[in-house]
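*Asks:* Provided herewith is a single structure, encoded as structure tokens, for subsequent inquiry.
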Amino acid sequence: GRSVSLDKADVGDGWPLIRYLLDDPVYHAAYVSYVEQVSTDLFTPEKMAAKAQALAGLLAPYVAEEIGAEEYAQAVEQLLDFVETRAGAVAEFLAQ
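Take 23 as the starting number for the sequence shown in my numbering and just add one per residue.
Take a look at the structure:
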């Protein structure tokens, strides 16, 4: 599946509480503030890459036996690419 947009424009009748809260200016401002805080404190590409690489190193001997070292390395790279993509999406969202 794809990621839900950060502005939640695609959240509709299926998620009425989320839609209701984000339509309220006070809650929307709080949401934007939380997105900014997470993007600068926790979900930086550098921090996420370091964490992913550390965990990938721990798991590599076990996972490589199951799927192969090359496929595992590609999966880790895809994860790191996804982190970069989402960080870009967050930056775009916050620039609006």
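Note that beta-carbon positions come from the ideal geometry of N, C-alpha and C, so glycine has one too.
Between G34 and Y53, what straight-line distance do the alpha-carbon atoms span, to the nearest angstrom?
*Replies:* Rounded to the nearest angstrom, the two C-alpha atoms are 17 Å apart.
*Asks:* At the level of alpha carbons, what is the spacing between F115 and D29?
*Replies:* F115 and D29: Cα-Cα distance of roughly 7 Å.
*Asks:* Ignore the nearest five residues each way along the sequence and tell me which others in E58's own chain have a CB closer than 6 Å to its CB.
*Replies:* Closer than 6 Å at the Cβ level, and outside the excluded window around E58, lie L116.
*Asks:* Measuring CB to CB, does Y94 end up less than 7 Å from V85?
*Replies:* Yes. Within cutoff.
*Asks:* Only counting the same chain, and skipping five residues up and downstream in sequence, which positions put a Cβ closer than 8 Å to that of A74?
*Replies:* Within the same chain, A74 has close Cβ partners V98, L101, L102 and V105.
*Asks:* I believe S120 touches R108 by the beta-carbon criterion, under 8 Å. Please report the beta-carbon distance rounded to the nearest angstrom.
*Replies:* This structure leaves residue 120 out entirely; the chain is present only between 23 and 118.
*Asks:* Let me know the secondary structure DSSP gives F65 once reduced to three states.
*Replies:* If DSSP states are grouped into helix, strand and coil, F65 belongs with coil.
*Asks:* Over the uninterrupted alpha helix (DSSP H) stretch that includes L44, give me the two end residues.
*Replies:* Unbroken alpha helix (DSSP H) run through L44: P38 to D45.
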